[in-house]
Amino acid sequence: MNIRPDASDLLAIARQTLFAELLPQLPDHLRYQALMVANAMAIAGRECRDGEVADVAEARGLEALLDAPVESLADARQALCRAIRQGRFDAPGQDQEQLFAVLSAITRARLSISNPKVLAE
Amino acid sequence: MSGPNVAAVQTPQPEEQLKKTRLEAFLCAHAGAQQVRVEQQQRLSGGAIQENWLLEVSVEGGAYAGRQRWVLRSDAQSAVPGSLSRAEEFTVLSTVYCAGVKVPRPLWLCEDTSVHGRAFFIMEWVSGITAGHKLTSHPGAQGDMRLVAELGANLARIHQIKPGQARALDFLGDPQQVSVQSCIDAHRGVLDHLGAFQPVLEWALRWCEMNAPEPAVPCLLHGDFRTGNYLAETSRLQAILDWEFTGWGDPREDIGWFTARCWRFARPDLEAGGIGSLERFMAGYNEVSSLRIEREELLFWQVMATLRWAVIAQQQAQRHLSGEEPSLELALTGRLLPELELDLLRLTGGLRR
Chain B
27 MNIRPDASDL
37 LAIARQTLFA
47 ELLPQLPDHL
57 RYQALMVANA
67 MAIAGRECRD
77 GEVADVAEAR
87 GLEALLDAPV
97 ESLADARQAL
107 CRAIRQGRFD
117 APGQDQEQLF
127 AVLSAITRAR
137 LSISNPKVLA
147 E
Chain W
3 MSGPNVAAVQ
13 TPQPEEQLKK
23 TRLEAFLCAH
33 AGAQQVRVEQ
43 QQRLSGGAIQ
53 ENWLLEVSVE
63 GGAYAGRQRW
73 VLRSDAQSAV
83 PGSLSRAEEF
93 TVLSTVYCAG
103 VKVPRPLWLC
113 EDTSVHGRAF
123 FIMEWVSGIT
133 AGHKLTSHPG
143 AQGDMRLVAE
153 LGANLARIHQ
163 IKPGQARALD
173 FLGDPQQVSV
183 QSCIDAHRGV
193 LDHLGAFQPV
203 LEWALRWCEM
213 NAPEPAVPCL
223 LHGDFRTGNY
233 LAETSRLQAI
243 LDWEFTGWGD
253 PREDIGWFTA
263 RCWRFARPDL
273 EAGGIGSLER
283 FMAGYNEVSS
293 LRIEREELLF
303 WQVMATLRWA
313 VIAQQQAQRH
323 LSGEEPSLEL
333 ALTGRLLPEL
343 ELDLLRLTGG
353 LRR
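These protein sequence lines map, in sequence, to chains B and W.
Every position in the first sequence, counted from 1, becomes a number in the numbering used here once 26 is added.
Every position in the second sequence, counted from 1, becomes a number in the numbering used here once 2 is added.
Spelled out as structure tokens, the structure:
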């Protein structure tokens, strides 16, 4: 959608308003909930910004692992799960290394959206 | 002040009043008292499955004469499958109390639902903090050496209880039926049922299948022994809580759950629950039990622990997504998954730059 402010802009200013104007006025027993709201907005904002790029990268990684074109991410994840469960990556070696490289990259990309602080640790 | 409307508001609902009167009669009979008055009732936080009420009670006569603080623990409206009934939990609590485990002293069980609407039991109230972030925000590099040793010793006391020794606990099932493989199968079943296709979880499950250690002699497990599920105060363990997932199993499972990174809160560097070092924890444990845990065994059980929490987190997210229980907290629990996946990759040797 070509309207500014876009979803990211709206989430950012909504979160800022929550922190600057609402949180200081809230009684203690509602603080935790307000912080959860702020956290949810931060995750949604990062997903708006980076989610699509992460999905494309994941599809590319899964394609390489499955050696087949990925039409839907959900189907490709399911196919990889099946291959892992059947033991295709049990033995140390090139396939397993490729699995680790792809899973590590996907997990880091997801973390950079859900909780980037953990990545910095 | 004494207008009719105000008076109407101040009169308790008749049903609530009756409920209180029935409770007082129950307490009076069991405490061997002449009279018991429940002066205040306050819902305690925590316990999504159970309800805990703090009762401020005044007792006339009998062994409990005076002012007492008791906790009434009942089922909540919606029961969760796989957790114990109140009667079973009361039996577990009584057994571990007698074995010298620090728990709130259990007093009386009431299975007659005409008293309170649901089964409940009464236990003594214990002071202390449960909040994980508070308990792990100690400044020292070593953490809380006394508390972590007490935690170790108390877990070992639980693990000293073996099937067969405690016939009262026969309802916990057949200890021979518990195995790593049955646990892996159960996790796979849940993920398949949810349609949650998560390659990292799948990899970790496969890794566990390939790396399962020889089973240890089964014993009583707490089943949810972690920071957040006990009360502590001024470096002392006050009471271990939340016994609804107790069962027979491999003692190393509880140790893996307690030490898994996901339960270290503010101190991921302190392996034993964010409270202290593993060495200190096991030193406390070995004051009571001779069980040793090798580094690679611990690692295996930490993978199992992280997997279990990841599967539960997916179930909680589903409770939100299905509309069964719309909740921001459940929704955010679902978004914990990538952190757990990172832990799983690291632990199984699969994390790459």
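For every residue, glycine included, the Cβ atom is placed at its ideal position computed from N, Cα and C.
Only a predicted model underlies this, so the values are computations on that prediction, with no experimental measurement involved.
By DSSP's criteria, W:Gly225 is part of a beta bridge. Which residues make up the other side? Stepping through the second sequence from its first residue, residue 225 of chain W is reached at position 223. Answer by DSSP bridge pairing: none, since W:Gly225 is not bridged.
| request: Select from W:Gln52, W:Arg354 and W:Glu343 the residue whose C-alpha is nearest the C-alpha of W:Pro201. | output: One-based indexing of the second sequence puts residue 201 of chain W at position 199. Out of W:Gln52, W:Arg354 and W:Glu343, W:Glu343 has the C-alpha closest to the C-alpha of W:Pro201.
Is B:Leu92 close to chain W? Criterion is C-beta to C-beta, closer than 8 Å. The count along the first sequence starts at 1 and reaches residue 92 of chain B at position 66. By this cut-off, B:Leu92 is not an interface position.
*By a C-beta neighbour count over all protein chains shown, 10 Å radius and 16 as the cutoff for buried, is W:Asp226 buried or exposed?*
Residue 226 of chain W sits at position 224 when you count from the first residue of the second sequence. Buried, because 16 or more other Cβ atoms sit within 10 Å of the Cβ of W:Asp226.
Would you list, in sequence order, the uninterrupted alpha helix (DSSP H) runs of no fewer than 4 residues that lie entirely inside the segment 240 to 304 of chain W?
253 to 261 and 280 to 287
Measure the C-alpha to C-alpha separation of B:Ala68 and B:Ala33 and round it to an integer number of angstroms. Along the first sequence, one-based indexing puts residue 68 of chain B at 42. Along the first sequence, one-based indexing puts residue 33 of chain B at 7. Answer to the nearest angstrom: the Cα atoms are 12 Å apart.
Query raised in the report: If W:Gly275 and W:Leu153 are in contact, beta carbons under 8 Å, what's the gap, nearest whole angstrom?
Result: Translated into positions along the second sequence, residue 275 of chain W becomes position 273. Translated into positions along the second sequence, residue 153 of chain W becomes position 151. 7 Å between Cβ atoms; contact.
- Which value, in whole angstroms, describes the spacing of the CA atoms of B:Ala135 and B:Arg75? What you label residue 135 of chain B is simply residue 109 of the first sequence in a count that begins at 1. What you label residue 75 of chain B is simply residue 49 of the first sequence in a count that begins at 1. When rounded, the distance between both Cα atoms is 12 Å.
Report all residues from its chain with a CB closer than 6 Å to the CB of W:Gln19; omit the five preceding and five following residues, and keep chain order. Taking the second sequence and counting its residues from 1, the one referred to as residue 19 of chain W is at position 17. Contacts found: none.
Q) On the premise that B:Ala60 lies in contact with B:Leu37, defined as a C-beta separation below 8 Å, what is that separation, rounded to the nearest angstrom? A) Within the first sequence, the letter at position 11 stands for residue 37 of chain B. Within the first sequence, the letter at position 34 stands for residue 60 of chain B. Between B:Ala60 and B:Leu37 the Cβ distance is about 15 Å, and since that is not below 8 Å, they are no contact.
W:Ser181 to W:Leu309, Cα distance in whole Å?
-> Walking along the second sequence from the start, residue 181 of chain W turns up at place 179. Walking along the second sequence from the start, residue 309 of chain W turns up at place 307. Roughly 15 Å separates the two Cα atoms.
Closer than 8 Å to chain W by CB, B:Leu129:
Taking the first sequence and counting its residues from 1, the one referred to as residue 129 of chain B is at position 103. Judged by the 8 Å Cβ criterion, B:Leu129 is in contact with chain W.
query = According to the neighbour-count rule (16 or more other Cβ atoms, all chains shown, within 10 Å of its Cβ), is W:Leu74 buried or exposed?
reply = For the purposes of this step, residue 74 of chain W is taken as residue 72 along the second sequence, with counting starting at 1. With 16 or more Cβ atoms within 10 Å of its Cβ, W:Leu74 is classed as buried.
**Study point:** Exposed unless 16 or more other CB atoms sit within 10 angstroms - verdict on B:Phe115
**Key:** The sequence position of residue 115 of chain B within the first sequence is 89, counting from 1. By the 10 Å Cβ count, B:Phe115 comes out buried.
Discussion item. Taking the straight line between their C-alpha atoms, what separation do you get for B:Gly87 and W:Met125?
Written reply: As a first step, residue 87 of chain B is located in the first sequence; it is residue number 61 there, counting from the start. As a first step, residue 125 of chain W is located in the second sequence; it is residue number 123 there, counting from the start. Their Cα atoms are separated by approximately 55 Å.
task: Give a yes or no on contact between the segment 267 to 285 of chain W and the segment 172 to 180 of chain W, applying the rule of three or more CB pairs nearer than 8 Å.
output: no
**Prompt:** Along chain W, in chain order, which residues have C-beta atoms closer than 8 Å to that of B:Asp116?
**Reply:** Counted from its first residue, the first sequence places residue 116 of chain B at position 90. Simply Arg208 and Met212.
Please confirm whether B:Gln137 has its beta-carbon closer than 8 Å to some beta-carbon of chain W.
If you number the first sequence from 1, residue 137 of chain B lands on position 111. Reading the sequence as shown, one finds Leu at residue 137 of chain B and not Gln. Yes, contact with chain W.
Is the shortest distance between the beta-carbon of B:Arg75 and the beta-carbons of chain W less than 8 Å? In the first sequence, the residue the question calls residue 75 of chain B occupies position 49. For B:Arg75, the answer is no, since every Cβ of chain W falls outside 8 Å of its Cβ.
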